[in-house]
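**Student:**
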Amino acid sequence: MRFPSSSQWYQIRLFSGIRQGVQCRSLTYPIPGKSTKYVSFEEAVSLIKSNDHIHVHGAPSTPTDLLKALCNHVDTNDLSGIKLNHIILCGEIPWAAEKFHSK
């Protein structure tokens, strides 16, 4: 396995638009007058109800912990008809368990 040299890392940073000194986990263009709200995974999925359609971001940005909380929410509240749209997911896919097949 080869790892990029420091000049290649610079190119990746340059081409992806990530500038030095910019935190990757902050909004690049925050909405004026609004501040970021951080909530628990459980609180984030608490508004999901039966027959909702949810888009799940994929690849290395798969929100695995959030999906685990979603499965727990579905199981606890006996929800059904939830459709998850995604392309490629990385990591665990907890809804593949047999108990979620009819949900």
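Heads up, the sequence shown is in full-length UniProt numbering, so the first residue is 1 and it goes up one at a time.
Every residue, glycine too, gets a C-beta built ideally from N, C-alpha and C.
State the start and end residues of the unbroken alpha helix (DSSP H) segment that holds N72.
**Tutor:** In the sequence shown, counting from the first residue as 1, residue 72 sits at position 72. Segment T64 to N77, the alpha helix (DSSP H) holding N72.
**Student:** Alpha carbon to alpha carbon, how far is H101 from L79?
**Tutor:** Within the sequence shown, numbered from 1, the residue matching residue 101 stands at position 101. Within the sequence shown, numbered from 1, the residue matching residue 79 stands at position 79. In a straight line, the C-alpha of H101 is about 12 Å away from that of L79.
**Student:** Bridge partners of H55, per DSSP?
**Tutor:** Within the sequence shown, the letter at position 55 stands for residue 55. Bridge partners of H55: N85.
**Student:** Just reading off the alpha helix (DSSP H) that F41 is part of, what are its end residues?
**Tutor:** Sequence index remark: in the sequence shown, residue 41 carries index 41 (1-based). Start and end: F41 to V45.
**Student:** Mapping the DSSP letters down to three states, classify P94 as helix, strand or coil.
**Tutor:** Counted from its first residue, the sequence shown places residue 94 at position 94. Of the three classes helix, strand and coil, the one that applies to P94 here is helix, per DSSP.
**Student:** Q8 to K103, Cα distance in whole Å?
**Tutor:** On the sequence shown, position 8 is the one that residue 8 refers to. On the sequence shown, position 103 is the one that residue 103 refers to. For Q8, the predicted model reports a pLDDT of 47, less than 50, meaning its position is unreliable and no value from the coordinates is stated.
**Student:** Pairing CB atoms from the region 63-77 with CB atoms from the region 36-47, are three or more of them under 8 Å?
**Tutor:** Flag = yes, the region 63-77 and the region 36-47 touch.
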